[in-house]
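Right, one structure below, let's go through it.
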Amino acid sequence: MSLSATARIAATADGGLPLLVSDGPLALRRTRAAGPYTRVTVVGAMSAPLGGDRLAIETEVRDGARLLVDAAAATLALPGRSSEPAAYDVRISVGEEGVLRWLPEQVVSVHGSELRMRTTVELAPTARLVLREEQILGRHGEPPGTLVTRLTVRRAGRPLLDQELAFGAGAPGGWDGGAVLGGHRATGQLLVVDPAFVAKPVESRPIGEHAVVTPLAGPAALATAVAPDALALRRALDSVLAEVAPC
Numbered sequence: 001m002s003l004s005a006t007a008r009i010a011a012t013a014d015g016g017l018p019l020l021v022s023d024g025p026l027a028l029r030r031t032r033a034a035g036p037y038t039r040v041t042v043v044g045a046m047s048a049p050l051g052g053d054r055l056a057i058e059t060e061v062r063d064g065a066r067l068l069v070d071a072a073a074a075t076l077a078l079p080g081r082s083s084e085p086a087a088y089d090v091r092i093s094v095g096e097e098g099v100l101r102w103l104p105e106q107v108v109s110v111h112g113s114e115l116r117m118r119t120t121v122e123l124a125p126t127a128r129l130v131l132r133e134e135q136i137l138g139r140h141g142e143p144p145g146t147l148v149t150r151l152t153v154r155r156a157g158r159p160l161l162d163q164e165l166a167f168g169a170g171a172p173g174g175w176d177g178g179a180v181l182g183g184h185r186a187t188g189q190l191l192v193v194d195p196a197f198v199a200k201p202v203e204s205r206p207i208g209e210h211a212v213v214t215p216l217a218g219p220a221a222l223a224t225a226v227a228p229d230a231l232a233l234r235r236a237l238d239s240v241l242a243e244v245a246p247c
């Protein structure tokens, strides 16, 4: 049987969480954080998303708030009884002088699964954002399921980034070719939006052999990486995180 669940977070400048609502497999926990951030950890309460499931997390970072959202474990997209794809929507808004570090664990596309993931972000002009996405295509030794992800970010009401990625069965041809993944099974993106980049944009450059960071008009920087496994992918993105958005 498919399920529908929406978890909700709201953070305020005084460190409060006036809204912290878990739902279904999306259990939210306030956890200890170093530094100025309020921290919320997403804990999977059951196996999800399965085929046909409809999951969502809505997050509001109000004016002046500083929020860190992470996860206790990877998200496994699993096949289910329904032939319908699973859907996982992340909807985020960050107010004036607000800061959000959205750092979940990987999404693992298990063989036979089909997941459509959509992340939508609305940023105020003075908001800052660090957002990481990591996709692992299949568990060890297995082919991936079907995974389609879309990331849409708007700043001050204007488009900053809108990109869609598709992998696995049914994806457009070439997704595993030399121009895209080149046989790798781990890929990810790190987006950093910071008004300070207006005066000092990030320089475009390679990171190791299989990653690159590029400036975006907005102001923002986007790092994209492919890797043979989740550990190598995280190391590549962490190196960018430490340099571009250390705190």
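Residue numbering for the sequence shown is 1 to 247, as defined by this note's numbering. The beta-carbon is built from N, C-alpha and C at its ideal position, and this holds for glycine as well.
DSSP beta-bridge partners for residue i?
| i | result |
| --- | --- |
| ASP243 | For the sequence presented, residue 243 should be read as Glu rather than Asp. Answer is none; GLU243 lacks a bridge partner. |
| GLU60 | ALA10, SER93 |
| ARG32 | Beta-bridge pairing links ARG32 to no other residue. |
| TRP102 | VAL69, LEU131 |
| THR152 | THR120, ASP162 |
| PHE167 | LEU147 |
| SER109 | ALA77, LEU137 |
| GLU114 | THR146 |
Rounded to whole angstroms, what's the CA-CA distance from residue i to residue j? Just pull it up for me.
| i | j | result |
| --- | --- | --- |
| ARG185 | THR59 | 30 Å |
| VAL90 | GLU209 | 31 Å |
| GLY64 | PRO195 | 15 Å |
| LEU231 | ASP238 | 10 Å |
| VAL69 | GLY177 | 34 Å |
| LEU28 | ARG234 | 23 Å |
| ILE207 | ALA236 | 7 Å |
| VAL244 | ARG81 | 43 Å |
| GLU96 | ALA124 | 5 Å |
| GLY24 | HIS140 | 28 Å |
| ASP14 | GLY157 | 26 Å |
| VAL180 | GLN135 | 14 Å |
| LEU55 | GLY183 | 30 Å |
| GLY16 | PRO143 | 43 Å |
| GLY51 | VAL240 | 34 Å |
| SER113 | SER83 | 9 Å |
| PRO228 | TRP175 | 15 Å |
| GLN163 | ALA242 | 24 Å |
| THR187 | ARG62 | 31 Å |
| LEU26 | LYS200 | 39 Å |
| LEU222 | THR41 | 24 Å |
Report all residues from its chain with a CB closer than 6 Å to the CB of residue i; omit the five preceding and five following residues, and keep chain order.
| i | result |
| --- | --- |
| ALA127 | VAL94, GLY98 |
| GLN189 | GLU133, THR224 |
| THR120 | ARG91, THR152 |
| ARG39 | THR31, ALA33, LEU68 |
| ALA53 | Residue 53 is actually Asp in this sequence, not Ala. Correct list, in chain order: SER2, LEU3, ALA86. |
| VAL130 | ARG101, VAL192, ALA245 |
| MET117 | TYR88, THR149 |
| ARG66 | PRO36, TYR37, VAL99 |
Is the Cβ-Cβ distance between residue i and residue j less than 9 Å?
| i | j | result |
| --- | --- | --- |
| PRO104 | ALA71 | yes |
| THR214 | VAL226 | no |
| LEU137 | ARG150 | no |
| THR12 | ILE57 | no |
| VAL43 | ALA73 | yes |
Quick one: what's got a C-beta closer than 8 Å to residue i's C-beta in the same chain, skipping five residues either side?
| i | result |
| --- | --- |
| LEU115 | PRO49, ALA77, PRO85, ALA86, ALA87, TYR88, VAL107, SER109, GLY145, THR146, LEU147, VAL148 |
| SER204 | VAL212, VAL213, THR214, PRO215 |
| LEU160 | LEU123, VAL153, ARG154, VAL193, LEU216, ALA217, GLY218, ALA220 |
Check whether the Cβ of residue i sits closer than 8 Å to any heavy atom of the ligand ATP, and report yes or no.
| i | result |
| --- | --- |
| PRO219 | Among the components modelled here there is no ligand, and therefore nothing to report on the ligand ATP. |
Excluding sequence positions up to five away, which residues of its chain have a Cβ less than 7 Å from the Cβ of residue i?
| i | result |
| --- | --- |
| ARG8 | LEU19, VAL21, GLU58 |
Segment contact, 8 Å Cβ cut-off, at least three pairs: the stretch 104-117 with the stretch 74-91
Touching, yes, given that three or more Cβ pairs across the two stretches are closer than 8 Å.
I'd like to know if the stretch 195-205 and the stretch 157-172 are in contact, where contact means that at least 3 CB-CB pairs between them fall below 8 Å.
With the cut-off at 8 Å, the stretch 195-205 and the stretch 157-172 do not touch.
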